[in-house]
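>
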Amino acid sequence: MYMAYGWPQVIPLELPNCPSTQKIVYFKVVNNLLLVVAPTHIELWTSSQHRVRLGKYKRDVDSIQKEGENLRAVWSPDTKLIAVLTSSFYLHIFKVQMTEKKIYVGGKQPTDLFLSNIYLVLSEQVPFANKNLTMSNFVCDNKHLLIGLSDGSLYNISWKAFLIFVQFCGAFFLDMLPNDGSGANKLSNHYSNGSTARGVQMGDGPNHINHVMSQTSGIVHLEFSIPLRSLFVLFSDGELIQCSVSKRGLKHAESVIVEKRFASSEAVCASVAPDQQILAVGTTKGAVELYDLADSASLIRSVSLHDWGYSVEDTGPVNCIAWTPDNSAFAVGWKLRGLSVWSVSGCRLMSTIRQIGLSSVSSPVVKPTEDVKYEPMMGGTSLMHWDEHGYRLYAIEEGSSERIIAFSFGKCCLNRGVSGTTYVRQVIYGEDRLLIVQSEDTDELKILHLNLPVSYILQNWPILHVAASKDGMYLAVAGLHGLILYDIRLKRWRVFGDVTQEQQIQCRGLLWLGKIVVVCNYLESSDTYELLFYPRYHLDQSSLLYRKPLLTKPMVMDVYQDYLLVTYRPFDVHIYHVKITGELSPSSSPDLQLSTVRELSIMTAKSHPAAIHFIPDQLPHDDMSRSDVSSNHEPSKCLILRMNGDLSLLDLDDGRERELTHSVELFWVTCGQLGEKTNLIEEVSWLDYGHRGMQVWYPSLGADPFKQEDFLQLDPELEFDREVYPLGLLPNAGVVVGVSQRMSFSACTEFPCFEPSPQAQTILHCLLRHLLQRDKREEALRLAQISAEKPHFSHCLEWLLFTVFDAEISRQYSSKNQGALANHAPSLLEKSCDLIRNFPEYYDVVVSVARKTDGRHWADLFSAAGRSTELFDECVQQRWYRTAACYILVIAKLEGPAVSQCCALNLLQATLNESLYELAGELVRFLLRSGREYEHSSTDSERDSPRLLGYFLFPSSFRKQSNDAKSPSSKEPSAHITSVKNILESHASYLMSGKELSELVAFVKGTQFDLVEYLQRERYGSARLEDFASGLEMIGQKLHMGTLQSRLDAEFLLANMCSVKFKEWIVVLATLLRRSEVLYDLFRHNLQLWKAYSQTIQAHEAFTEYHDLLEELDGRLSSTANTEGT
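Residue numbering for the sequence shown follows the working numbering, beginning at 44 and increasing consecutively.
This is the structure we're talking about:
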């Protein structure tokens, strides 16, 4: 799959000579060449490693005035001719000729690039020049090109300028019937009122064509697929038809036959993927509809940006669609704003439009200015095209003729074709680098950019194949020639020592066979293929272990242990056994022998395989533990993924193929990993991903050995986010690793940087549920114990219980009013609770699931999980006070308000004893509120449960809701409220008696305790100070005035003491804080108190630090006395 990375690059174009429109006419990339046809000139660039302009043709002013500007263009498949139709209906044929002038990079390094000449060879006016018609785009094959006109006609033009006129007339509405076997389709063509349309005979007599079109509907777009021999014609009223083209091509009119009409009536553009036989149709509503051409052009699905908050008013209609070279993804450009890249399954891989979140109500439309950096393609996308490798997406902005914007893309190793990889190492490879997911710490996955050695990539650009070893510690990378190896542990590259040997290898595929790299090599001299077996410790001809000639070009290859699978077209399967004698090390001379063990030729009309993987035979767990792990048993089954997304299981013994599912993009075979003791997914046969999300397949030892379980219904989390594309698995962590796009903006660059962002998604809860469903409790417990130290373990347990409980609720609704027999066997909910009860996370998990579900179903949950009061008591005993607080509302619902208030009071006392004042404050607010509610009504507080339970779990967001609890007093306080006040006052007295002032401040702030009222009442009680000297010394020791928090606490206490005019405390706290202004206001009216204060400070050596404060106060008081005396 394709992910964008890095900053978009800009290719500048020459400015046209005063054209009437600022729009590029034609744009295409073929064979590392990029052709741009502007209104007044033509440019030819290279799209390879070095982007250089090779040649151009610029029309003079006289030619533009006489023959008009360039309006339509097409490039011949052999890239030698360019046909251009001008606005005055002149046809220009240009020839592209490469010169012998080689291009040097940096003035020194020679390249394989040569300058080219573009010159005009023909200029002639077309016959329909005077008919005032508009034209569609060109399509062509090797000999002819075709263009549609606004009168519904098609013109067939030879590359030698031979013109044939073909006229379509009659009604557009088609009532199509299947082929009757006579070689022609029977079409029932009629008008909307039911009258029959006439067939039309061409002017040349024999060229009869059975197309029926509306005379008022012009042709606006043509799409031609040479591999499918299909022509798609789009009309101005949004109707789209498919025509078949015979092997003779576009030359003869009778060879083009209408086959079917598409259901869409809002089409504006179309693009076909021949490998997958899918037609992508852009609509006026900004959506792209995908049609399956192999299944009667049925609609597969539709993709759009609607779910991302963008409507057609923001993006406009679809303007262009471009498929990737392997047809696995497509780019969509809109008329007004932006472009995106989607997978066939509907995953949004990349978008230039800023993300505003799913299901957004409004779509912010950002208008670009010269001073503000903006997103790419802000003005819309006019044209776009992928390079032949899929590493670059070239796009031209709507209304722009100044530049081409090139987006860099990396491809994910999807283990297709003749290159294999492992799911434990997630790699994205670009044209000159590898993007490796660093998964050592699954809490924070990172992308590592690994650049290839310059000496290799400069000569062998671009990267064509990447394969990871089974353990993911070694990577094999192949470019245009040769290959190199990378050791991830040592961070070292291994290359061929002899460059001549490297250049002799043209890699067409890579596989890892243990410590051996298997290279599928193409021999250009003999047009044959072979397999080369190299040890990973040495890349040299002298170390070559074996050379295996192949019958023809391989289609798909795979490896399992010592078995190698090779398939050829149409579907011939060859399985080889590899035997190695000797040790694979530089000090020994190992010998490799290859023997054929099986050959199959499968006759089928299905699409070609895209990937095949061996399926190891499934054995019972006990048998696996007793069996010899090192023993090799030839697999008897393999999994086949076809180009159209069908997944099937092939029995290699009898050749029988069983269809499993469809619409699959990739899959991972996970069974057979016996050597990994901590493999969390050994119970899984394989996983697949498609438009339905992730599906998990489990082995079964019954009559049906493979059963599918679609977790979309019971485990919605397995349905991946439509912005996250899965790359592989981490079996030791039990997670699926995916990647999504991020954009980072910088003030110093015009465009944002595209950053692939790895994401981890756990599947452990699915595995545990699978085992419990099959009553494998011991295996489930063992798997959970292995996973206990893994990240997100608590989250997995929570999702296990939630999905099972949610399914139990759904089952109860479905079975309601049905006379089902009682089943005394333990339910899946009870099994899940029994499993989770073995872990300390049990109490948090149960109450968290309760929070996520309706309170009406709590009784069912706690009948399996245990009585709520018992769970509460256990939490209190274990000092899990926050978890215990979450149970209070459950107790209120199930056991009644009196029981819940009693539990809350006990918990309040416990939290105060542990100095958990924030939690104590939440309990106080709950108790006071619930007390008032229960006094006035006997109804439950179900409508408040989510809010009240929420502030137990998220206290910071609910503090502002507690203002009503600041004054717990009422005219006639109930016994319930009195109990709360007594507990708080008792704790305040305990803190004040011990002069634990920092604790007291935290207590007052956390519980909103009325300290002023308390001080007024306890002035001569617990708040009394014996004498000033001892009080100052003790409080100074308690508060530790050297810290900021202690000074803030002292300020808080001083403000409260001033409120009640508690002079003893005011003097002590003001002295500790050195608040001379407070002391001055106190002593100026009581000089006797000042003298006692001064004598006490001077008499104690411990108070020498306050002598400067005494001097300051003495000066101010003396000055005041002198002033008053005068």
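Cβ atoms here follow ideal geometry from the backbone N, Cα and C, with glycine treated the same way.
Can you tell me whether DSSP reads Tyr580 as helix, strand or coil?
Note: Tyr580 maps to coil in three-state DSSP.
> List the endpoints of the continuous beta strand (DSSP E) containing Met598.
Looking at the DSSP string, the run of the beta strand (DSSP E) that includes Met598 is 597-603.
> Is the Cβ-Cβ distance between Leu1156 and Leu1112 less than 8 angstroms?
Taking 8 angstroms as the Cβ cut-off, Leu1156 and Leu1112 do not qualify as a contacting pair.
> What number of angstroms, rounded off, separates the C-alpha of Met598 from the C-alpha of Val461?
Approximately 7 angstroms between the Cα atoms of the pair.
> At what residues does the beta strand (DSSP E) containing Ile879 begin and finish?
Element bounds for Ile879: not the beta strand (DSSP E) but the alpha helix (DSSP H), 871-879.
> Are the beta-carbon atoms belonging to Val169 and Lys138 less than 8 angstroms from one another?
For Val169 and Lys138, no; Cβs fall outside 8 angstroms.
> How many angstroms separate the CA atom of Leu1170 from the CA atom of Ala511?
Since the displayed the chain opens at 44 and closes at 1169, residue 1170 lies outside it and no answer follows.
> Quick one: residues in its chain with C-beta nearer than 8 angstroms to the C-beta of Arg272, no 5 flanking neighbours on either side, listed in chain order?
Hits under 8 angstroms: Ser287, Val288, Ser289, Lys290.
> Could you give the residue range of the alpha helix (DSSP H) that holds Pro940?
Element bounds for Pro940: 940-956.
> Can you tell me which of the three DSSP states Leu58 falls into?
It is coil, neither helix nor strand.
> Do the segment 834-847 and the segment 795-813 make contact, defined as three or more Cβ pairs closer than 8 angstroms?
Touching, yes.
> State the Cα-Cα distance for the pair Lys833 and Gly525, rounded to the nearest angstrom.
Going by the C-alpha atoms only, they are around 41 angstroms apart.
> I'd like to know whether the C-beta atoms of Pro801 and Ile490 end up nearer to each other than 8 angstroms.
A contact, by the Cβ cut-off of 8 angstroms.
> Less than 8 angstroms between the C-beta atoms of Cys312 and Val346, yes or no?
For Cys312 and Val346, no; Cβs fall outside 8 angstroms.
> Identify whether Trp923 lies in helix, strand or coil by the three-state DSSP scheme.
Coil, per DSSP.
> What's the gap between the Cα of Val355 and the Cα of Lys328?
Rounded to whole angstroms, Val355 to Lys328 spans 6 angstroms at the Cα level.
> Quick one: residues in its chain with C-beta nearer than 8 angstroms to the C-beta of Gly292, no 5 flanking neighbours on either side, listed in chain order?
For Gly292, where only same-chain residues beyond five positions count, the Cβ hits under 8 angstroms are Asp184, Asn185, Lys186, His187, Ser298.
> To the nearest angstrom, report how far apart Ser958 and Arg476 are at their CA atoms.
Whole-angstrom Cα-Cα distance: 56 angstroms.
> Assign Gln1088 to buried or exposed, taking buried as 16 or more other Cβ atoms, counted over all protein chains shown, within 10 Å of its Cβ.
Label assigned to Gln1088: exposed.
> Where do the ends of the alpha helix (DSSP H) carrying Trp901 lie?
Run containing Trp901: 901-908, per the alpha helix (DSSP H) assignment.
> Where does Tyr198 sit, in a helix, a strand or coil, going by DSSP?
Strand at Tyr198.
> Under the DSSP definition of a beta bridge, which residues are partnered with Gly191?
In the DSSP output, where bridge partners are listed per residue, Gly191 has Leu197.
> I need the boundaries of the beta strand (DSSP E) containing Leu637, first residue and last residue.
It spans 634-644 - the beta strand (DSSP E) in which Leu637 sits, taken as one unbroken run.
> Can Arg641 and Ile618 be called in contact, C-beta distance under 8 angstroms?
In this structure, Ile618 lies closer than 8 angstroms to Arg641 by Cβ.
> Buried or exposed, going by whether 16 or more other CB atoms sit within 10 Å of the CB of Cys791?
Exposed: under 16 other Cβ atoms inside 10 Å.
> Looking at the structure shown, is Gln828 part of a helix, part of a strand, or coil, going by DSSP?
Gln828: helix per DSSP, three-state reduction.
> With C-beta atoms as the reference, is Leu382 less than 8 angstroms away from Met421?
No, the Cβ-Cβ distance between Leu382 and Met421 is not below 8 angstroms.
> Is DSSP giving Thr1166 helix, strand or coil here?
Looking at Thr1166 - three-state DSSP - the assignment turns out to be helix.
> Check each candidate in Glu1028, Glu913, Glu798 and name the one with the smallest Cα separation from Ser787.
Considering only alpha carbons, the answer is Glu798.
> Between the segment 1140-1158 and the segment 1094-1103, can you find at least three pairs of beta-carbon atoms closer than 8 angstroms?
Counting Cβ pairs under 8 angstroms, fewer than three are found: no touch.
> For Met646, count neighbouring Cβ atoms within 10 angstroms of its own Cβ and tell me buried if that reaches 16, exposed if not.
Answer is exposed; the Cβ neighbour count stays below 16.
> Straight-line CA distance for Arg785 to Pro51?
Roughly 14 angstroms between the two C-alpha positions.
> Do you know offhand how far Val73's Cα is from Thr122's?
Rounded to the nearest angstrom, the two C-alpha atoms are 8 angstroms apart.
> With DSSP run on the structure shown, which of helix, strand or coil describes Asp1151?
Here Asp1151 sits in helix by DSSP.
> According to DSSP, is Lys101 helix, strand or coil?
Here Lys101 sits in strand by DSSP.
> For Gln636, which residues from the same chain have a beta carbon less than 6 angstroms from its beta carbon, with the 5 sequence-adjacent residues on both sides left out?
Cβ neighbours of Gln636 beyond the five flanking positions: Lys622.
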